[in-house]
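Those letters in the sequence shown? Residues 0 to 274, per numbering that gives the first Met the number 0, in order. Beta carbons are placed, not taken as given, at the ideal position from N, Cα and C, and that holds for glycine. Since the model is a prediction, treat every value here as computed from it, not as a measurement.
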Amino acid sequence: MRTITVALAQIQSIPAAKEANLKKMYEYVDIAAKMGSQFVLFPELALTSYALKDLFYKVAEPIPGPSTEKMIAKAKEKNVYIGFGMPERSLNDPGIIYNSMVLVGPQGLVGRYRKIYLPTYGVFEEGRYFRNGTTPVIVDTQFGRIGLEICFDLFSPELTRLLALRGAHTIFVISVSPDMSRNFFELFTQARALENTINVVYVNAVGNEEGLGYWGGSHAVDARGKILVKAKYFEEDLVIASINLDDFYAAKEGRPLLKHYNPEICRMCAEEKEI
Numbered sequence: 000m001r002t003i004t005v006a007l008a009q010i011q012s013i014p015a016a017k018e019a020n021l022k023k024m025y026e027y028v029d030i031a032a033k034m035g036s037q038f039v040l041f042p043e044l045a046l047t048s049y050a051l052k053d054l055f056y057k058v059a060e061p062i063p064g065p066s067t068e069k070m071i072a073k074a075k076e077k078n079v080y081i082g083f084g085m086p087e088r089s090l091n092d093p094g095i096i097y098n099s100m101v102l103v104g105p106q107g108l109v110g111r112y113r114k115i116y117l118p119t120y121g122v123f124e125e126g127r128y129f130r131n132g133t134t135p136v137i138v139d140t141q142f143g144r145i146g147l148e149i150c151f152d153l154f155s156p157e158l159t160r161l162l163a164l165r166g167a168h169t170i171f172v173i174s175v176s177p178d179m180s181r182n183f184f185e186l187f188t189q190a191r192a193l194e195n196t197i198n199v200v201y202v203n204a205v206g207n208e209e210g211l212g213y214w215g216g217s218h219a220v221d222a223r224g225k226i227l228v229k230a231k232y233f234e235e236d237l238v239i240a241s242i243n244l245d246d247f248y249a250a251k252e253g254r255p256l257l258k259h260y261n262p263e264i265c266r267m268c269a270e271e272k273e274i
């Protein structure tokens, strides 16, 4: 039986305290590696926390950079892949920053994804500070192809569909979701898994920041829409998901949804000028 083992490291980050947050992540990596995990995932912006406003411009780093290099060293030490969120500074213009996800492994930097969909309404202000990414990302690992997403990306089904069409067997989604969004994410992870026959691993933050309370509840969903494992609500936790890749391929054969993919409909959507 072919499996991948993913540790969902649901943590609370200290605002702007990169070294303290790295230390906490190291501790979780040590525990996860001891439990046999091949991947360890942390929340969106785990390096710095989420609600920093203009302070993002001071704490952002290039990729690769000091923090990614430190995490690469940890990945090599423990022979695991590590995914985490951080504010990324553009190498071309220090005034441009991205909300990014980094995946590192024993071989070094494996991939970087810049969040495409930035919520900028109500309590969400990401568009004020971050430039949106434009490129969907799949990384090739020794355990197969994995797609990367960040939080609000999950609201846009076309992104997960594209990653599935490009051969990803699993989507890693890192998040900082406040409690008001809990029902949405618990619905969307299963919906994205079912409509694409793909595994979805969702890792959320916990804690309170600027009046926002993060609900945790990190979980993994298999390609049949079954919840494999779920973390606690509102407190730090570490849970391990064992994802059966043989069952993934069996699910795709038994319910071949992607054969009905219609590029003409997608073209019509792309050409639509107004909603």
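Relative to the alpha-carbon of residue i, which residue among the options has its alpha-carbon at the smallest distance?
i	options	result
Phe171	Leu211, Tyr213, Ala32, Phe83	Phe83
Leu108	Asn98, Glu124, Lys73, Tyr128	Lys73
Ala167	Phe233, Val200, Gln9, Lys52	Val200
Tyr282	Asn98, Val202, Gly104, Glu124	Residue 282 lies beyond the range of the chain shown here (0 to 274); nothing can be said about it.
Ser12	Thr4, Glu43, Ser89	Glu43
Asn207	Phe123, Phe233, Val136	Phe233
Phe129	His259, Phe183, Pro93	Pro93
Asn195	Lys52, Glu124, Ala163	Ala163
Gly110	Val175, His259, Val136, Val205	Val136
Phe183	Val205, Gly35, Trp214	Trp214
Pro105	Thr140, Arg88, Ser89, Arg127	Thr140
Leaving aside the five residues before and after residue i along the sequence, list all residues of the same chain whose C-beta is less than 6 Å from its C-beta, in chain order.
i	result
Lys229	His218
Tyr116	Phe151, Asp152, Ser155
Val220	Thr188, Gln189, Ala192, Val199, Ile226
Leu31	The displayed chain sequence assigns Ala, not Leu, to residue 31. Around Ala31: Ala6, Val39.
Our contact map puts residue i next to residue j with C-beta atoms below 8 Å; I'd like the distance itself, whole angstroms only.
i	j	result
Glu235	Ile10	5 Å
Gly212	Pro177	6 Å
Ala6	Ile239	5 Å
Thr169	Ile3	7 Å
Met85	Glu124	18 Å between Cβ atoms; not a contact.
Val175	Ala8	Rounded, the Cβ-Cβ distance is 14 Å, inconsistent with contact.
Does the beta-carbon of residue i have 16 or more other beta-carbons within 10 angstroms, so that it is buried, or is it exposed?
i	result
Lys114	buried
Ile173	buried
Val122	exposed
Arg266	exposed
Arg254	exposed
Leu90	exposed
Glu148	buried
Asn78	exposed
Quick one: does residue i have its CB under 8 Å from some CB of chain C?
i	result
Pro86	Although the question refers to chain C, the structure presented lacks it and comprises just one protein chain.
Once the 5 residues before and after residue i are set aside, which same chain residues still bring their CB inside 7 Å of it?
i	result
Ala19	Ile13
Lys17	Leu46, Thr47, Val58, Ser66
Glu209	Ala50
Quick one: residues in its chain with C-beta nearer than 8 Å to the C-beta of residue i, no 5 flanking neighbours on either side, listed in chain order?
i	result
Leu21	Leu46, Ser66, Lys69, Met70
**Item:** In chain order, each beta strand (DSSP E) run of at least 3 residues that lies wholly inside the region 194–260
**Value:** 198–202, 205–208, 211–214, 218–220, 226–229, 236–243
**Length at least 3, wholly inside the region 84–166: the beta strand (DSSP E) runs in chain order** = Every beta strand (DSSP E) of 3 residues or more that sits fully in the region 84–166 is shown, in chain order, as 96–104, 107–113, 136–140, 143–149.
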